[in-house]
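Chains P and W are the protein sequences, given in the same order.
Counting in my numbering, the first sequence runs from 1448 upward without gaps.
Counting in my numbering, the second sequence runs from 1448 upward without gaps.
Backbone N, C-alpha and C define an ideal beta-carbon position, used for all residues, glycine too.
Everything numeric in this text was worked out from a predicted model, so none of it was measured.
2 protein chains.
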Amino acid sequence: MKITVLSGGVGGARFLRGVREHARGIPEAEITAVVNTGDDMWLTSLRIAPDLDSIMYTLAGENDEERGWGRVGETERVSGELRAYGIGWPWFTLGDLDIGTHLARTDLLRSGMPLSAVTDRITSRWDLGVHLIPATDDEVETHVTVEGGELHFQEWWTKHRATVPALGFVQHYVENSTPAPGVLAAIADADVVLIAPSNPVVSIGTILGIPGIRAAVAATSARVVGVSPIIAGAVVRGMADACLTAIGVETSAEAVGLHYGARSAGGILDAWLIDETDAAAVPALEAAGIAARAVPLWMRDPATSAQLAADALAL
Amino acid sequence: MKITVLSGGVGGARFLRGVREHARGIPEAEITAVVNTGDDMWLTSLRIAPDLDSIMYTLAGENDEERGWGRVGETERVSGELRAYGIGWPWFTLGDLDIGTHLARTDLLRSGMPLSAVTDRITSRWDLGVHLIPATDDEVETHVTVEGGELHFQEWWTKHRATVPALGFVQHYVENSTPAPGVLAAIADADVVLIAPSNPVVSIGTILGIPGIRAAVAATSARVVGVSPIIAGAVVRGMADACLTAIGVETSAEAVGLHYGARSAGGILDAWLIDETDAAAVPALEAAGIAARAVPLWMRDPATSAQLAADALAL
């Protein structure tokens, strides 16, 4: 059974861990993650790929569960030096182990390898059980339109904690980007395509904005099942509400489901998994042509994540 | 009093610390170090400048005195990751604090700044008391000719500990390089030019090989005083003997002095400071037109280094 998951970073990583756990019971299960790269950037001459790394560390069991991101047992010796030299963003601290990953990635990229091949090489260090493919090998950068100009997404997200009102999001160079090798086939040949409970605007939205990917999702013979990142009108993690507000979508499981839309009506969803507390939204979603089901959505631990994956696959 | 020192890394750093110490007693002393960059290289997409860094760390009081090189209190978290990813040279470990310096340098270079401006910016973090100028802003790389081919200098030096017989040294691109801004003026306008007790072949030899520098040393109105890196037929540190053998020069204070040669005979030296144990070489050096003096050369601590600097300046 071929399972393809469109995913952002931290939330997608937990979901993928659940999918992997659940798939242990499925004969010949193959899991592919198509990962957002819109948050990637060059910082102090290092190529940083936050979502790819969050997923890699989480699936490798190397993430810091307490903090929720980055490597466990991390230190910040290099960043301390960069601050002392006045180089880089003082509010954006990279861990030493994390810098090891960025340096390895940067060196392979500079040798001429595309990001997808670099990702294969870097992830081969661990037995992840999931094939990670960046949505594109091209450098697509999400910027945030704010009053008076534009901020890099990380500046808006990490420095300003999304408190500067966003007027919109721009994915620079996205119109000239192409899906990375394997992305379209992973969607077309899948038995099921899952949309992880990731940020609908800057994570899933960026993936779908790469020319060809939305059409592949629309055309696949696989069932497309999404999982809501919104529970009871609030984001499970991150600041997706600020992103949704900017594009005029209400922060609710129903509104996000309708924003993605039914495949039968030109959207991307066959089915939409929402939390029990949002059960009242089922009729409106069903009326729009989206099969909706209310289940416990909180991924408190690997077991509940696996149950959520099972629910998504059952839908 | 303007003092200009041509210098390699570790030995030159100690000597420069002595010059700075001694110069505290000289009104309006200005010390400039013209530093070898032939050992510089790109490694895992980082620009590494071993000699500039050895001098900077030593003058900043940040070097590891026990080990003799690198930063005190160093750790190797990033290099551990690079090894796990199979990236870089497993036998060439970069410390975390050191990587902070390399990343800062790399980022400034990639922004378009020449190495000399980058060095000004990086060294401004500390009150070094010495102006460091790379001998050239161009990428001149020392390679070692060995039986059957060529090795990068660091591969020969660090991996093979100079045990593979060197047939010669090649400074790639040196013929097209130019002295960094300030280098020729620092030599021409100096009151005294000192040749640090550094490797005569790959450190001082590389500096002198940059078109224009040897001629500037030959033409300066300053007195040019060298300090022998050889004591009693042995190198004080490093493996300069292997380098000298490769170019057919005996490992002795006398042979190195004669290799540099008297300015009056087309060489670069007015005077040559050798160790007491080598006093027997004085007549031969004097006969060749080089004022020679035998003094204690061992730089055991800052005080003896300062005394050596005083002796060199007195000569």
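Member of the options whose CA lies at the smallest distance from the CA of residue i
i, options, result
"W/Phe1616", "W/Thr1592, W/Val1630, W/Gly1629 and W/Glu1622", "W/Thr1592"
"P/Arg1467", "P/Asp1574, P/Gly1714 and P/Arg1557", "P/Asp1574"
"P/Val1587", "P/Leu1493, P/His1599, P/Val1577 and P/Leu1579", "P/His1599"
"P/Leu1453", "P/Gly1508, P/Asp1543, P/Glu1622 and P/Ile1654", "P/Ile1654"
"W/Asp1498", "W/Leu1506, W/Thr1491 and W/Ser1492", "W/Leu1506"
"W/Val1696", "W/Gly1656, W/Pro1647 and W/Glu1477", "W/Pro1647"
"P/Ser1571", "P/Ala1582, P/Met1503, P/Gly1458 and P/Gly1629", "P/Met1503"
"P/Thr1479", "P/Cys1690, P/Val1674 and P/Pro1581", "P/Pro1581"
"P/Leu1579", "P/Gly1704, P/Val1481, P/Leu1631 and P/Asp1511", "P/Val1481"
"W/Gln1601", "W/Gly1714, W/Thr1724 and W/Ile1495", "W/Ile1495"
"P/Asn1510", "P/Val1664, P/Val1457, P/Leu1490 and P/Leu1550", "P/Val1457"
"P/Arg1747", "P/Val1630, P/Gly1515 and P/Thr1625", "P/Gly1515"
"P/Ser1645", "P/Ala1635, P/Pro1658 and P/Cys1690", "P/Cys1690"
Whole-angstrom distance between residue j and residue i, CA atom to CA atom
i, j, result
"W/Ala1735", "W/Leu1744", "22 Å"
"W/Val1565", "W/Arg1518", "20 Å"
"P/Val1672", "P/Asp1688", "22 Å"
"P/Ile1678", "P/Thr1698", "9 Å"
"W/Glu1597", "W/Trp1603", "9 Å"
"P/Gly1533", "W/Gly1576", "20 Å"
"W/Asp1584", "W/Pro1561", "6 Å"
"W/Ala1757", "W/Met1448", "13 Å"
"W/Ala1728", "P/Leu1544", "54 Å"
"P/Pro1537", "P/Met1488", "16 Å"
"W/His1607", "W/Gly1652", "21 Å"
"W/Glu1475", "W/Leu1614", "45 Å"
"P/Ser1501", "P/Gly1559", "24 Å"
"W/Ala1633", "P/Asp1554", "37 Å"
"W/Asn1483", "W/Gln1618", "12 Å"
"P/Val1742", "P/Val1640", "19 Å"
"P/Val1621", "W/Ala1662", "55 Å"
"P/Arg1464", "P/Gly1535", "33 Å"
"P/His1590", "W/Arg1670", "59 Å"
"W/Glu1513", "W/Glu1521", "12 Å"
"P/Asp1722", "P/Asn1623", "37 Å"
"P/Thr1692", "P/Ile1660", "24 Å"
"W/Gly1713", "W/Gly1485", "24 Å"
"W/Ile1737", "W/Ile1450", "20 Å"
"W/Val1611", "W/Met1686", "12 Å"
"P/Leu1716", "P/Pro1730", "15 Å"
"P/Ala1750", "P/Ser1492", "39 Å"
"W/Ile1473", "W/Ala1637", "15 Å"
"P/Ala1739", "P/Glu1477", "25 Å"
Reduced DSSP secondary structure (H/G/I, E/B, other) of residue i
i, result
"W/Gly1763", "This structure cannot settle anything about residue 1763 of chain W, because the visible part of chain W is limited to 1448 through 1762."
"P/Asn1510", "strand"
"W/Leu1744", "coil"
"W/Trp1573", "coil"
"W/Phe1600", "helix"
"W/Arg1684", "coil"
"W/Phe1462", "helix"
"W/Ala1756", "helix"
"W/Val1394", "Residue numbering for chain W in the displayed model covers 1448 to 1762; residue 1394 of chain W lies beyond these limits and cannot be assessed."
"P/Leu1541", "coil"
"P/Met1503", "helix"
"W/Glu1586", "coil"
"P/His1619", "strand"
"W/Thr1479", "strand"
"P/Gly1673", "strand"
"W/Pro1474", "coil"
"W/Leu1691", "helix"
Presumed contact (8 Å Cβ cut-off) between residue i and residue j, rounded CB distance
i, j, result
"P/Gly1455", "P/Ser1650", "3 Å"
"W/Thr1548", "W/Glu1523", "With a Cβ gap of about 15 Å, W/Thr1548 and W/Glu1523 do not count as contacting."
"P/Leu1732", "P/Glu1701", "6 Å"
"P/Phe1462", "P/Leu1755", "7 Å"
"W/Gly1459", "W/Ala1643", "4 Å"
"P/Val1422", "W/Val1525", "What is shown of chain P runs 1448 to 1762, which leaves residue 1422 of chain P out entirely."
"W/Ser1675", "W/Val1703", "6 Å"
"W/Leu1705", "W/His1469", "Between W/His1469 and W/Leu1705 the Cβ distance is about 27 Å, and since that is not below 8 Å, they are no contact."
"W/Ala1666", "P/Leu1529", "42 Å between Cβ atoms; not a contact."
"W/Ser1563", "W/Gly1508", "At roughly 24 Å, the Cβ-Cβ gap does not stay under 8 Å, so W/Ser1563 and W/Gly1508 are not in contact."
Near-chain W residues of the region 1499-1514 of chain P (beta-carbon distance less than 8 Å), N- to C-terminal order: none
Give me the subset of the region 1693-1714 of chain P whose CB atoms are less than 7 Å from a CB atom of chain W, sorted by chain position. none
Could you run through the region 1729-1741 of chain W and flag, in chain order, every residue whose CB is less than 9 Å away from some CB of chain P? none
Closer than 8 Å between beta carbons: that is the criterion. Which residues of the region 1535-1565 of chain W meet it against chain P? Gly1535, Asp1543, Leu1544, Ile1546, Gly1547, Thr1548, Leu1550, Ala1551, Thr1553, Asp1554, Leu1555 and Arg1557
Residues, ordered as in the chain, of the region 1574-1597 of chain W that lie near chain P by beta-carbon distance below 8 Å: none
Using a Cβ-Cβ cutoff of 9 Å, what residues of the region 1654-1684 of chain W are near chain P? List them in chain order. none
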